[in-house]
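Numbering (full-length UniProt numbering), first residue to last: 1 to 907.
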């Protein structure tokens, strides 16, 4: 048996966290990382243990015949790490499980305990920040693994597997392969689809009013808007019905352009005066400290971060000891944190900016769980943002500064403001103007929500009016008509979707980032700017689920499922009865609303669901023209298309569902009809040439659709279908075009139109064509001249590193540097390459962050076969050595077999 080192083994989740904690614990502790989960349900049929493969439930990885018992496996990419932890445990006197303090972290600790089977004392450590004081306190006050949290996480995992795997299989059969469903994912998609339906159903309305510029006796100018004429109120956008574009109530004056123009002309000769001046003081309180959800929302609005990018930066800040735990629903702060925030508010902004009493924020989040603190800077006193600027990359610094400002602002004084409303009358018309002035900035001096620059935002928030009194006469510089058109409801941004999911109690904020990623990867949603736009596939999937499995995408029911999981975490409910109701339908005969009966329902729906109906969306019936049949959008195997009787038309990529109406559909059908007639016959092959429009734009096709040797060629950038002639089409079909031989090596030179633009090539040498030079027209001499020029891009010429670090890798002892690769920047230590995540800036990346990426990548990498071969070769060489050396080698090998650390000592 291995000899104990007298050390305690501490297991955390990430290498970065391990490094930070080891600095505080000292030589009596060995800190290792599990690198996330070390076991899970099988990811597919290949991972299911052999003894279960013939079971009807094997594909789920959950034994639905035996109380929903989960089948856990250690994934292949985690076996190396598990063996490392087992070896470390053999030399330890005690084990501390220090994974994150939420359900997921509690489950990881439990899985570690189950896999490692420790024979030494085991302690569970929890801390909400990685500081010396917090770690020491956790060591002094350990607890046991929380069975309630573990059970809640396991139930969530089982429920998600039953829902996800079984419903996804139905979608594969009825909509298309590669699709997926999920307890929270599908509801999120439904929210986005429902918003797009509202936009499709929206009918806009146009109305007119007047804008006037008035001038006081002191020559100060301001603008005002018309609000009523002869007692009739001018409508605003909210006064119109979004379904028909009509006014919701009578008595309002809806002017057209002529009426507004005539009124403006009449009023320009009228006299005006001030009829009222109202001053209303008010106060504005600072928002609560950040929760996971509000941090994601504000990082999206203020910094332009996606939820994923915000959480990645927050994770690094937490692991390296800069902020408290970033997965929390709580808005409360510890007394130490409150005092630290108040001290900073006083020292940084002055006594007058400190709120006289301690602010306490009530938690308004539905289904709030785990009594954590809000997200704040770690430790006390808080370190100033400028003090850590050089220790963090760009994303981490900007997020830290955001958290710091929000935390300090929450204990600062209220902002004092006043609104001024002025009413102006003349010629039967009433105009109003409003202004806002800030009397005292208060917390706004530190933090303005939605803005990254408080100074600039404070200036923007003020709209000052000249000093005026009742009955003051006013002159008009101009009165102009203004047109307004009502707008459909805005699509969800990531921030808005996150807020809505949280408000409805659907899912956990810590999972929102991965959900938003997943629905984009499944092509349910794509981004148009910051807006989330649903695809027609999403429309088809949601219609199927709403029609046949309404409860599964019902907002209230999904929130109730979340409630149930919370009761399990508090050990107030058992999961077995609930899972039976959900999966088998137990209790349905008694009218139990929770008795979904997913399995029998799916079995009955397989034959009932007609994919042709689910994937067919009517756009209407044309009333003019030759073709009067109903027009549909159909979601097919290869994507959506327009259908009218026997006619078909492609839908261009990026055309949002709310932009697809009957008129647009007829245009696409007409364009497709033109494709059916060839523009001519190729003079050499005698095959017809067609112009077609596909998902990725226009192209030409040589040959009929059923011709096995047909050829396609995209139009060059900037080419239009209207200007395409038979001669030009034939030239396009010549690509790649042979220009002649290179006099230097006798090899042929060709011109291509590639993915990244036109270029010429000779053997392995390529050069991009300059702007304005077409691959159809470039000459041999021009190509030769280009090939003689030095190559500025591409893999042929080594690039200078984007960044070199001063210290070598502690693993390979080689230089650590960041290079610019084909798919973006990556960090390397000479053996492992790890891509930088989106948003990471090479020039601002810290050495520790680079090592984290390399450690994560190395842990996921499979063991290389070459290393095994090398060992065999070494063994053969060793056999040729002297008998004395053989004996020594055998002793070493024997020692390695019992003490896994022996190899490190020998090295």
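Beta carbons are placed, not taken as given, at the ideal position from N, Cα and C, and that holds for glycine.
At a cut-off of 4 residues, the continuous stretches assigned as alpha helix (DSSP H) that sit fully inside the region 746 to 817 are 780 to 788.
For residue 533, the enclosing beta strand (DSSP E) has its first and last residue at 531 to 534. Uninterrupted alpha helix (DSSP H) stretches at least 4 residues long and entirely within the region 831 to 862 occur at 847 to 860, given in chain order.
No residue range can be given for residue 72, since it is assigned to no alpha helix (DSSP H) and is classified by DSSP as neither H nor E. Across the structure, residue 79 and residue 776 are spaced so that their CA atoms are roughly 56 Å apart. In the DSSP annotation of this structure, the continuous segment of the beta strand (DSSP E) that includes residue 212 starts and ends at 206 to 215.
Counting along the chain, residue 270 sits inside no beta strand (DSSP E), nor does DSSP assign it H or E at all.
Residue burial annotation: residue 649 is buried, with at least 16 other C-beta atoms found within 10 angstroms of its C-beta. The beta carbon of residue 522 sits closer than 7 Å to those of 179, 180, all from its chain and outside the five residues before and after it, given in chain order. Of the residues assessed, residue 689 falls on the buried side of the cut-off, its CB having 16 or more other CB atoms within 10 angstroms. Less than 7 Å separates the beta-carbon of residue 665 from that of residue 631. Put simply, the region 107 to 119 touches the region 145 to 162. At least three CB pairs are less than 8 Å apart. Fully contained in the region 640 to 707 are the following alpha helix (DSSP H) runs of length 4 or more, in chain order: 662 to 675.
The beta carbon of residue 38 sits closer than 8 Å to those of 74, 78, 81, 82, 85, 108, 111, 112, 115, all from its chain and outside the five residues before and after it, given in chain order. Judged by DSSP in its simplified three-state form, residue 468 adopts coil rather than helix or strand. For residue 620, same chain residues with a beta-carbon under 6 Å away, outside a window of 5 residues either side, are 662 in chain order.
Runs of the alpha helix (DSSP H) lying entirely within the UniProt domain "Toprim" (7 to 131), each at least 4 residues long, are 15 to 25, 79 to 90, 103 to 116 in chain order. Taking residue 92 as reference, the option from 763, 170, 102, 10 with the minimal CA-CA separation is 10. Scanning the region 550 to 585 from its first residue to its last, the whole alpha helix (DSSP H) runs of 4-plus residues come out as 555 to 569, 575 to 583. The alpha-carbon of residue 401 is positioned some 9 Å away from that of residue 377.
Taking all protein chains shown into account, residue 686 has fewer than 16 neighbouring C-beta atoms within 10 Å of its C-beta and is therefore exposed. Under the 8 Å Cβ criterion, the region 411 to 420 counts as touching the region 428 to 438, having at least three qualifying pairs. Residue 194 and residue 547 have their C-alpha atoms some 14 Å from each other. Using a C-beta cut-off of 8 Å, the region 211 to 228 makes contact with the region 417 to 431, since at least three inter-stretch Cβ pairs fall below that distance.
The Cβ atoms of residue 530 and residue 493 sit closer than 7 Å to each other.
Closest option to residue 279, judged by alpha-carbon separation, among 322, 469, 286: 469. Out of 732, 187, 15, 70, the CA that lies nearest to the CA of residue 562 is found in 187. Taking the Cα of residue 124 as reference, the smallest distance to any Cα among 94, 445, 381, 131 is reached at 94.
One alpha carbon belongs to residue 800, the other to residue 854, and they sit about 20 Å apart. By the beta-carbon neighbour count (other beta carbons within 10 angstroms, threshold 16), residue 625 is exposed. Here residue 564 is buried. Its C-beta has 16 or more other C-beta atoms within 10 Å. Within the region 272 to 346, the complete alpha helix (DSSP H) segments of 4 residues or longer fall at 292 to 303, 307 to 319, listed in chain order. According to DSSP, residue pairing for residue 631 in a beta bridge involves 620.
The criterion of a C-beta distance shorter than 7 Å is not satisfied by residue 443 and residue 374.
Residue 640 is classed as buried because its beta carbon has at least 16 other beta carbons within 10 Å across all chains shown. Within the DSSP bridge table, the entry for residue 713 names 700 as partners.
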